[in-house]
Ligand SMILES: Cc1cc2nc3c(=O)[nH]c(=O)nc-3n(C[C@H](O)[C@H](O)[C@H](O)COP(=O)(O)O)c2cc1C
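Here it is as structure tokens:
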């Protein structure tokens, strides 16, 4: 119903914020030619554009499995560049064997949490959606929420799960009118509003005490090591692990920013 789909008001949400349209990247998780998650992604794109967003849909065809090529591969570079460009994202995966597909997860696995100061997901908004073959499930949206938390995204409260997806799209690939379609409209409207609210404040919102503390400790240790080396060059070198352990504040040791 056109009158009911009110345009999000940027000034109401974030006065004086950047004027460009909210930039939304859409990822989906299937390589099937008749993929319903792709159709749902296209439906999301139409709605996002209606609500004033600029959109890109990443095509997962040709994206190699993680670590089978290096990150210079054009599809990997495109995915990372588009994620970095985005201010918000939509993740749409089918449910397979009770969870998201490998095709979907592989895309996220290619996105570093942090690399050279670049963080392609942190602080961005996220909407999660799934398609099911079965009658009803929320397994995938729950798993995607968990993944979004891991990627340090601001996942919006609303979400969409389309059951028996094969019944919900017409021959032209358009979603039929239904309460499921209405929910998708709700989710996209909410995503645009949250993106208007959050963008421009992401760095501040995701600035962490533990990371500031880690950087300060590392800087102090580096400065102390420099001073000591300057005074007594013959002194044995401080073991690198000791510096690393002291400076690292997080859990798995692969990056100082994990968890
Ligand atoms: C191997 C396999 C496992 C599946 N597992 C589930 C499942 O656990 N739950 C469910 O609702 N649908 C399941 N389905 C149905 C798919 O979710 C459904 O076909 C969906 O449309 C696939 O997404 P796509 O159309 O984007 O390729 C499964 C389908 C296949 C082929």
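In our numbering, the protein residues as written are 181 to 439.
No residue lacks a Cβ here, since even glycine has one placed at the ideal position from N, Cα and C.
Quick caveat, the model's predicted, so the values are computed rather than measured.
Proximity of residue i and residue j at Cβ, strictly below 8 angstroms
i	j	result
residue 224	residue 368	yes
residue 205	residue 236	yes
residue 233	residue 213	no
residue 311	residue 216	yes
residue 374	residue 334	yes
residue 209	residue 272	yes
residue 313	residue 222	no
residue 331	residue 301	yes
residue 476	residue 385	No statement about residue 476 is possible, as the shown extent of the chain runs from 181 to 439 and does not include it.
residue 288	residue 228	no
residue 253	residue 185	no
residue 356	residue 362	no
Buried versus exposed, by CB contacts within 10 Å (16 or more), residue i
i	result
residue 187	exposed
residue 407	exposed
residue 218	buried
residue 290	buried
residue 268	buried
residue 275	buried
residue 360	buried
residue 263	buried
residue 190	buried
residue 249	exposed
residue 266	buried
residue 404	exposed
residue 192	exposed
Other residues of its chain near residue i: CB distance less than 7 angstroms, five sequence neighbours each side excluded
i	result
residue 194	376, 377, 380
residue 245	286
Cβ shell of residue i (< 8 angstroms), same chain only, five flanking positions each side left out
i	result
residue 315	343, 344
residue 211	240, 241, 283
residue 358	348
residue 257	251
residue 337	370
residue 198	379, 380
residue 329	335
Under the three-state DSSP convention, the category residue i falls into
i	result
residue 197	coil
residue 203	strand
residue 190	helix
residue 234	strand
residue 283	helix
residue 268	strand
residue 214	coil
residue 295	strand
residue 254	helix
residue 248	coil
residue 309	strand
residue 374	helix
residue 276	strand
residue 340	strand
residue 301	coil
residue 397	helix
residue 314	coil
residue 347	helix
residue 355	strand
Nonlocal neighbours in the same chain, by C-beta distance under 6 angstroms from residue i, ignoring five residues either side
i	result
residue 339	308, 321
residue 414	For residue 414, the predicted structure reports a pLDDT of 49, less than 50, and the residue's modelled location is therefore unreliable. The matter cannot be settled from this model.
residue 243	255
residue 270	206, 224, 307
residue 281	209, 273, 274
residue 341	310, 318, 321
residue 382	303
Residue i at chain D interface by Cβ criterion, 8 angstroms
i	result
residue 344	In the structure shown, chain D does not exist; there is a single protein chain.
Cβ-heavy atom distance, residue i to ligand 2, below 7 angstroms
i	result
residue 215	Absent from the structure shown: ligand 2. Ligands present: ligand 1.
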